[in-house]
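Chemist:
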Amino acid sequence: MTSLAAPRTVVVRYAPLLILALAWEAASRLHLVSSLALPPLTDVAQAWIELVQSGELVTNGLSSLYRAGAGLALAIAIGGALGIVMASSRPVNAMLGPLVELFYPMPKSALIPVTVLWLGFGDGSKILLIFLGCTLPVTIGAYNGARGSDRHLIWSARSMGAHRLRMIWDVVVPSALPELVNGVRTALALSFILLVSSELIVARQGFGYLIGYLGANGSYEAMFAVVLTVAFIGFLFDRAYQSVVERVLRWRE
Amino acid sequence: MAGVTDTMRRLAWSAARLAPIVALLAAWEIFAHSGAVTPFMLPAPSAVAQRIYDDAFGGDLFINIGVTLYRALTGFAIAAVGGVLLGTAMARNTAARWFFDPIISVGFPMPKIAFLPVVILWLGLYDVSKITMVVLDAIFPVVTATIAGIASVEKELLWSARNMGAGDRELLWQILLPAALPQILTGLQVALPIALIVVVVTEMQMGGYGLGGAMMQASRFANSRGVFAGIVEIAVIGYGLVAAMALVRRRLLMWHQEAQEGASV
Amino acid sequence: MSGPAQIIVKDVCHHYRPSVGRDVLALENVTLEVPEREFLALLGPSGCGKSTLLYLIGGFLPIETGKILVDGKPVTGPGPDRGIVFQNFALFPWKTVRKNVLYGLERQPLRREEREKRAQAFIDLVGLTGFEESYPSQLSGGMKQRAAIARTLAFDPRMLLMDEPFGALDAQTRSLMQSELLAIWEKTRKTVIFVTHDVHEAVYLAERVAVMSARPGRIKTVVDTRFDKNDPEVHRTKMFVDKVDEVWNLVREEAIKALEKRPS
């Protein structure tokens, strides 16, 4: 439960991260490790500010977020609908179920080269990749959630004259929400992984590209800055997602 | 005679499940030959199969598979052992828990693949860095599953063992970990596909031998058959690993499954 | 009182300390003496702390105030001298019945064949012959509890602590298990402390029934329930019915108090 905790508890809870940051700074400044391999945290922070000021970080960041957002939105819309349809219709389930099971264990990162083959180095290939990779978790979440719908609720709705489509909207979707929400959470994390992976390998823009470019240039402080930025954005989005979900679910109660 | 109908029923069931897949393959083959797409954009399954065959008997398929598996499984093994140890330490020791909890909870949703350039910077371009990336990614689900598993062990089990004279160490190895095993195995089942995904990505980035490297190579040469062949190969490996893990789970949890006849996934 | 006190509980207090909310006084100045080989029931309404008292005697909870002596020595932790049987059986699910029963024997100074023989003897005693290689998930509730009892008896504890052992069973199985337990007790004659909220069960099984008050728990009264229990119709005898009545009245007051205290 991510309710608002007292400031003191928050500090105590995240204190180890602070300790790690201090250890980093100390290890680097005191040359306990090569300051080339691990530039001081303060230098990294400085580089970060410069990247923001020059606009490089923001431009590339927006490009990345656009790609991930678009791919994810498509995955949620289509994957969610697919899952609910599969749960509601036995013939559809019989047709598509085995396919979902077949494709689910496939490492989605294997799709990177083929999306590049089809759509090149730009936005299109990334959006397609993220869409392809993230659809299945959402589908499975929607499917499991819809399947768990209380039969009695469905029967009550039916007896009150609700026709199929309306019933799906009023009864099946709300009770499917928790599992669906979990599936989307997985998809969210996966979208970041696929985004960064593909940008590290084949891109001309974006966070991953920026990291590679800075590393190749030897600007390690800046490289670390972007790496940390990406990592923390992934973390923040997950937390933000969780608190939004909690609020929405509470409102529905 | 009941055996015959049972087997027949089982065969019919498998056939029904395979039908959509076969249908998809057929549709793919037809579509590829239809002229609506170029052989470059969508090579036919027959062409892809030919390519895989060529790779297997004249090329590097088995070397690549071996190398990729070696990296993935080594990383997985380290993540498994390390994850269980760390999770156990966190579950039983307040200081360990306090220190690692934010690291785990902040680290889990991070796209840790972003740290690949850093790992390369520190550890070079060989297997070590690939395996390290795998461990970095795969250890998280194992740790969280271990903590959850240990926390859910009923206190009466531990008390009974103590009642019978078990000491602290026996309690941990003979009671706590076996009781937490179902959840720990679930964590391992999540970690294994992650290990494979990460290995493939690192191989794509760094090149060289391995299924990921081979695919990037094919992509660079605009060899779409090679790229598709790679997808099929990785998919088969992925499927095989997941199936193997499920089998291991069924055997280890034979006592547990008895009570859960018909549980899916 | 049939002999020297084996278990002495004196002025024991205990608090529940939940992670959220205030501490609650669970037991208040509990004093009780149990002689050797006696079958004593701890009876009381829900929440009166009877299980807590059992756990304190068993050494599973630390003693705050007061003292508990078993065979003259203070209780410092769990041990094989006080065998426990839980309501949820607490069988190790990954071990067969036989392995479960053997677990307690592994710490005894016995040779391997002796251990196997003992284990088999107790499996037979509780009527589980033929189920030695079954896993707990394959057994019914009643069978699981028998396995749990066999496991505890096997390592020959000086006394048995039983925490509502038949609470999770259906009514028919429960009464069957009660008669069986009595038969086993007649044979082995160990000291037993039996926690229950079921008046019939307490009067039927025990030689004395210690009625506890509502929270904070104290020993309210101890009623003598010694009579011939071999009669299969004992449940219908006037003596039995009167005794149940007597004990029930004592418990009822406390049950009402407990109900009133519960937050609405």
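Same order as they appear, the protein sequences are chains U, W and C.
Per our numbering, the very first residue in the first sequence carries number 25; after that it's consecutive.
Per our numbering, the very first residue in the second sequence carries number -15; after that it's consecutive.
Per our numbering, the very first residue in the third sequence carries number 254; after that it's consecutive.
Note that CB positions come from ideal geometry on N, CA and C, so glycine has one too.
Small disclaimer: the values here were computed from a predicted structure and weren't measured.
#1: Can you look up residue 418 (chain C) in the DSSP assignment and give me helix, strand or coil?
#2: If we define contact as Cβ-Cβ less than 8 Å, is residue 133 (chain W) a contact residue for chain C?
#3: Have a look at residue 507 (chain C) and residue 469 (chain C) and give me their C-alpha separation to the nearest angstrom.
#4: Are the beta-carbon atoms of residue 166 (chain W) and residue 123 (chain U) separated by less than 8 Å?
#5: Excluding the 5 residues flanking residue 286 (chain W) on each side, which residues of the same chain have their C-beta closer than 8 Å to its C-beta?
#6: Write down every uninterrupted run of the alpha helix (DSSP H) in the stretch 56 to 89 of chain U whose length is 4 residues or greater and which is fully enclosed by it, in chain order.
#7: Taking 8 Å as the cut-off, decide whether the C-beta atoms of residue 185 (chain W) and residue 138 (chain U) are in contact.
#8: Which residues in chain U have a C-beta closer than 9 Å to the C-beta of residue 1 (chain W)? List them in chain order.
#9: Do you know offhand how far residue -5 (chain W)'s Cα is from residue 266 (chain U)'s?
#10: Quick check: the Cα distance between residue 25 (chain U) and residue 75 (chain U), rounded to an integer number of angstroms?
#11: I'd like to know if the stretch 255 to 266 of chain U and the stretch 110 to 120 of chain U are in contact, where contact means that at least 3 CB-CB pairs between them fall below 8 Å.
#12: Are residue 41 (chain U) and residue 126 (chain W) closer than 8 Å when you measure CB to CB?
#13: Would you give the residue range spanned by the alpha helix (DSSP H) that residue 103 (chain W) belongs to?
#14: Using the rule of at least 16 other Cβ atoms within 10 Å of the residue's Cβ for burial, across every protein chain shown, is residue -3 (chain W) buried or exposed?
#15: Using the beta-carbon of each residue, which ones in chain U are nearer than 9 Å to residue -2 (chain W)?
#16: Are the beta-carbon atoms belonging to residue 331 (chain C) and residue 147 (chain W) less than 8 Å from one another?
#17: Please state if the CB of residue 153 (chain U) and the CB of residue 135 (chain U) are separated by a distance shorter than 8 Å.
#18: How long is the line joining the alpha carbons of residue 101 (chain U) and residue 94 (chain U), rounded to whole angstroms?
#19: Residue 452 (chain C) and residue 296 (chain C): beta carbons closer than 8 Å?
#20: Hey, how far is the Cα of residue 388 (chain C) from the Cα of residue 381 (chain C)?
#21: Where does residue 77 (chain U) land, buried or exposed, given buried means 16+ other C-beta within 10 angstroms?
#22: So, is the C-beta of residue 145 (chain U) closer than 8 Å to a C-beta in chain W?
#23: Using DSSP's beta-bridge definition, name the partner residues of residue 17 (chain W).
#24: Using a Cβ-Cβ cut-off of less than 7 Å, list which residues of the stretch 389 to 414 of chain C approach chain W; keep chain order.
#25: Please work out which residues of its chain come closer than 8 Å, Cβ to Cβ, to residue 28 (chain W), disregarding the five sequence neighbours upstream and downstream, and give them in chain order.
#26: Give me, in chain order, the residues of the same chain whose beta-carbon lies closer than 7 Å to that of residue 272 (chain C); leave out the 5 immediate sequence neighbours on both sides.
#27: Less than 6 Å between C-beta atoms, sequence neighbours within five positions excluded: which residues of the same chain meet that for residue 109 (chain U)?
#28: What is the DSSP secondary structure of residue 194 (chain U), reduced to helix, strand or coil?
#29: In whole angstroms, what separates the C-alpha of residue 111 (chain W) from that of residue 49 (chain W)?
#30: Rank W:41, W:24, W:60 and W:40 by C-alpha distance to the C-alpha of residue 174 (chain W) and give the top, closest one.
#31: Taking the straight line between their C-alpha atoms, what separation do you get for residue 340 (chain C) and residue 419 (chain C)?
#32: If contact is defined by three or more beta carbon pairs under 8 Å, each pair taking one atom from either stretch, is the stretch 219 to 237 of chain U in contact with the stretch 43 to 50 of chain U?
#33: Distance cutoff 8 Å, beta carbons only. Does residue 214 (chain W) sit that close to anything in chain D?
#34: Once the 5 residues before and after residue 121 (chain W) are set aside, which same chain residues still bring their CB inside 6 Å of it?
#35: How would you call residue 183 (chain U), buried or exposed, if buried means at least 16 neighbouring beta carbons within 10 angstroms?
#36: Residue -8 (chain W): buried (16+ other C-beta within 10 angstroms of its C-beta) or exposed?
Modeler: Put simply:
#1: coil
#2: no
#3: 11 Å
#4: no
#5: Nothing can be reported for residue 286 (chain W): it is not among the residues displayed for chain W, which extend from -15 to 249.
#6: With a minimum length of 4 residues, the continuous alpha helix (DSSP H) runs that stay inside the stretch 56 to 89 of chain U are 65 to 78.
#7: no
#8: 118, 121, 122 and 125
#9: 44 Å
#10: With a pLDDT of 43 at residue 25 (chain U), under the threshold of 50, the modelled position of this residue cannot be trusted, and the question is left open.
#11: Remark: fewer than three beta-carbon pairs, one from each stretch, lie closer than 8 Å, so the stretch 255 to 266 of chain U and the stretch 110 to 120 of chain U are not flagged as touching.
#12: no
#13: 100 to 107
#14: exposed
#15: Correct list: empty, because the minimum Cβ distance to chain U is about 10 Å.
#16: yes
#17: yes
#18: Spanning the alpha carbons of residue 101 (chain U) and residue 94 (chain U) requires a straight line of approximately 11 Å.
#19: yes
#20: 12 Å
#21: exposed
#22: no
#23: None; residue 17 (chain W) has no bridge partner.
#24: If the cut-off is 7 Å between Cβ atoms, the stretch 389 to 414 of chain C has 390, 391 and 408 near chain W.
#25: 12, 13, 16 and 17
#26: Result list for residue 272 (chain C): empty, nothing under 7 Å.
#27: Within the same chain, and ignoring the five residues on either side of residue 109 (chain U) in sequence, the residues whose Cβ sits closer than 6 Å to its Cβ are 116.
#28: helix
#29: 14 Å
#30: W:60
#31: In a straight line, the C-alpha of residue 340 (chain C) is about 6 Å away from that of residue 419 (chain C).
#32: no
#33: Going by chain labels, chain D is absent from the structure shown, which instead holds the protein chains U, W and C.
#34: 96, 178 and 182
#35: By the Cβ neighbour-count rule, residue 183 (chain U) is exposed, with fewer than 16 other Cβ atoms within 10 Å of its own.
#36: exposed
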